[in-house]
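These notes are about the structure you will find just below.
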Amino acid sequence: MINVNKKYLGAGLVCFAASLWGLDGIVLTPRLFKLGVPFVVFILHVIPFLFMSLLFGKREMNNIKVLPKKDLFYYFCIALFGGTLGTLAIVKALFLVNFQHLTVVTLLQKCQPIFALILARFLLKEKLGKNFFFLTILALIGGYIMTFEFKLPESTGSGNILPACGLALLAAFSFGSSTVFGKRILTNSSFLTALYTRFFFTSIITFFIVLFNGDFKYLLEVTPFQWGIFFTIMLTSGSMAIMIYYRGLRYIDASVATICELAFPISSVLFDYIFNGNLLTLQQFIGATILVFAIIAIGKNQK
22 MINVNKKYLG AGLVCFAASL WGLDGIVLTP RLFKLGVPFV VFILHVIPFL FMSLLFGKRE
82 MNNIKVLPKK DLFYYFCIAL FGGTLGTLAI VKALFLVNFQ HLTVVTLLQK CQPIFALILA
142 RFLLKEKLGK NFFFLTILAL IGGYIMTFEF KLPESTGSGN ILPACGLALL AAFSFGSSTV
202 FGKRILTNSS FLTALYTRFF FTSIITFFIV LFNGDFKYLL EVTPFQWGIF FTIMLTSGSM
262 AIMIYYRGLR YIDASVATIC ELAFPISSVL FDYIFNGNLL TLQQFIGATI LVFAIIAIGK
322 NQK
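Numbered as in the working numbering, the sequence shown ends at 324 without a single skipped number.
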C-alpha cells in the first residue's frame, strides 16, 4: 500500500510540475515581452541562483570544487545549451507570437525527446527504440499540421509564426542536448549540485550577454508587476517545478512519467483559452494529437 501511494504521489507531482510549465509558457513569461530577451533570461536564472546561494550555496560550492574538470565542462555545456541558448530561443519565440499562437509554440517543445535520443545515439552510443524514425516523421507531420494546418507556410498569414516555430524547435534541440550532457555527469553528483551548477554557469553566461548588449538598462524599466512575474516564475515553473518533477520521478517509471507529462500540453491549451481567449482549431488539435501521440510512443519504445 505504501509503494502504491508513493506511485500516486510521484504521478501527481510530475503532473503538477508539467502543468506549471504550461502556465509559464502561456501566462507568465509572455507578460515580460516588453523587456529584452537576454535580460529576461538572465533575471530568470540569477534570482533563483541567489536564493539557492543563501540556502545551500557554501556547501554546493565545496562540491563544485571537487568535481572532475570533465564534469565541469559538461555542466558548462548544459548551461550553454539548456540554460542559455534554449531559454533564449523559447522566450524569443513566445515574445514573437504576441499571444496569438502560444499553444503551438509551447507544444513544439515536445519534440525535445527526438533531439535528445538522436544525440544520445551519437554521443552516448545508446540504441534507438523501436520504430524511432517512423514515429519521428509522424511527430514532424503533427507539428506541421499544428503550426500551418493543411496549408503551405506562406499562405497561413500568421505573421511571426514561422520564425517563432523555428525558435521553438531550436529550444527543443538545445534542451535535448542539455539532457544528454546531463546523463554524462549525474552519476558523479547529486541533483541539487547539478541544479545549482547549471544556474551558476547560466547566470555567468547570460550576464556577459546582457552586458555586451547593453540590456542592463532594463533594470530601471522593470515594473513592480514584472518583478512579481519574475518571482512567481521562480516559485512555480522555474527551479521549483524542476525539483518537484524530479522528486516525483523517484517514485514512478519513465514510461509513466511520459504519460503524466501530458499535463503540459493539456494545461497549455486550457490556460491559453482561460487567460488569452485562444483555442486550437480542429486542424491544429489534430496535429497536436498526432505530435503528442508520437512523442509518447517514442518515450515508451525507448529502453
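The C-beta atom is built at its ideal place from N, Cα and C for all residues, glycine as well.
Under the 10 Å beta carbon count, E81 is surrounded by 16 or more other beta carbons and is classified as buried.
With a cutoff of 9 Å on beta-carbon distance, L301 and V35 are scored as not near each other. For P245, the enclosing alpha helix (DSSP H) stretches over residues P245 to L256.
Shown here, L149 sits in coil according to DSSP, grouped into three states, outside any helix or strand.
Between the alpha carbons of N297 and M255 lies a distance of about 22 Å.
For L44, the CB contacts under 8 Å within the same chain, skipping 5 residues up- and downstream, are T257, S258, S288 and F292 in chain order. Spanning the alpha carbons of I250 and F94 requires a straight line of approximately 32 Å. Considering only Y266, P69 and G320, the residue with the shortest C-alpha distance to L30 is Y266. Counting only residues of its own chain and dropping the five nearest sequence neighbours on each side, Y294 has a CB closer than 7 Å to the CB of L300.
Close CB contacts of F120 within its chain, under the 8 Å cut and outside five residues either way in sequence, are with P51, N297 and N299 (chain order). Per DSSP, the unbroken alpha helix (DSSP H) holding E81 starts and ends at V58 to K86. For L101, the closest C-alpha among the options V243, F63, L312 and R268 is that of F63. In this structure, the alpha-carbon of E147 lies about 15 Å from that of F154. DSSP, read as helix, strand or coil, puts S211 in coil. Between F222 and the set G103, L140 and I139, the nearest pair of CA atoms involves G103. For the alpha helix (DSSP H) assignment, the uninterrupted runs of no fewer than 4 residues enclosed by the stretch 181-210 are, from N- to C-terminal side, 182-204.
Here the alpha carbons of Y272 and S224 stand approximately 31 Å from one another. A direct Cα-Cα distance of roughly 13 Å separates F116 from L183. Between the stretch 190-207 and the stretch 131-147 there are three or more inter-stretch CB-CB distances shorter than 8 Å, so the stretches are counted as touching. When rounded, the separation of the alpha-carbon atoms in G320 and C132 is 11 Å. Scanning its chain for C-beta atoms nearer than 7 Å, with the 5 sequence neighbours on each side dropped, one finds around L106 the residues S195, in chain order.
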